[in-house]
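Q: Quick one: this structure, given as structure tokens, is what I'll be asking you about.
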Amino acid sequence: MLYFWLVLLMIVNAFCLATVLFALPGNWLMITATILFTLWHKGTFSIYIIIAAVVLAFLGELIEFFASAGGARAAGGSKKSMAAAIIGAILGAITGTIVIPIPVFGTLIGSALGAASAVLIVEKSSGRQFRRSLRTAAGAGLGQIFGIGAKFFAGVVIWIIFAFAAFL
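Numbering (the numbering used here), first residue to last: 2 to 169.
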């Protein structure tokens, strides 16, 4: 019967993983579900597995959070542009989810366009040339897409670790 519950946990964790693409805390939901399962079935997952998952989820969050700022900076943006990229990505993800009601794409497109738009506004208001501002904005948008991809990849690794720990 334990294997039935473990398979069910892996299915739940797969759904949690998918929510990462909607800018939701899917990696943390996956870890929470696994911790609750471990409390229910004592000893199923060791503390070391849980700690490894928490570290990976934290790294994924850090990369996602700073990726748009890093993209803006790598393309020649200022510190104001870096801050604008982070704020724009958050606001864009929320707006994109509402305005573009296509699952996953609305959030991804919204966060990338939000980061790029915010950087473009800050760069242009700082008196920079349009072409340079546009390049910096593109860097922020691409950085945001990279960040979401990195967070999703961290989630895939967490899911694989949990699957191996559950069945091996």
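All residues carry an ideal CB built from backbone N, CA and C; glycine is no exception.
For Ala54 and Phe165, I'd like the C-alpha separation in whole angstroms.
A: For the purposes of this step, residue 54 is taken as residue 53 along the sequence shown, with counting starting at 1. For the purposes of this step, residue 165 is taken as residue 164 along the sequence shown, with counting starting at 1. C-alpha separation (whole angstroms): 13 Å.
Q: Quick check on this structure: which residue in Ser47, Ile149, Phe163 has the alpha carbon closest to the alpha carbon of Thr20?
A: Sequence index remark: in the sequence shown, residue 20 carries index 19 (1-based). Thr20 has its Cα closest to that of Ile149, out of Ser47, Ile149, Phe163.
Q: Look at the Cβ atom of Gly77, then the Cβ atom of Ala117, and state whether they are nearer than 8 Å.
A: Counting from 1 along the sequence shown, the entry for residue 77 is found at position 76. Counting from 1 along the sequence shown, the entry for residue 117 is found at position 116. For Gly77 and Ala117, no; Cβs fall outside 8 Å.
Q: Could you spell out the range, first to last residue, of the alpha helix (DSSP H) harbouring Ala15?
A: Start at 1 with the first residue of the sequence shown, and residue 15 comes out as number 14. Start and end: 3-19.
Q: At 4 residues or longer, what runs of the alpha helix (DSSP H) sit wholly inside the stretch 42-95?
A: Counting only runs of 4 or more, we get 48-75.
Q: Could you have a look at Ser126 and say whether DSSP puts it in helix, strand or coil?
A: As a first step, residue 126 is located in the sequence shown; it is residue number 125 there, counting from the start. Of the three classes helix, strand and coil, the one that applies to Ser126 here is helix, per DSSP.
Q: For Ala24, does the three-state DSSP call read helix, strand or coil?
A: Within the sequence shown, the letter at position 23 stands for residue 24. Coil at Ala24, not helix or strand.
Q: For Val158, report the span of its alpha helix (DSSP H) as first-last.
A: Working through the sequence shown from its first residue, we reach residue 158 at position 157. Note, Val158: alpha helix (DSSP H), 131-168.
Q: For Ile101, which of helix, strand or coil comes out of DSSP?
A: For the purposes of this step, residue 101 is taken as the residue at position 100 of the sequence shown. It is coil, neither helix nor strand.
Q: Report buried or exposed for Ile103, applying the criterion of at least 16 other Cβ atoms within 10 angstroms of its Cβ.
A: Here residue 103 refers to the residue found at position 102 when the sequence shown is read from its first residue. That one is exposed.
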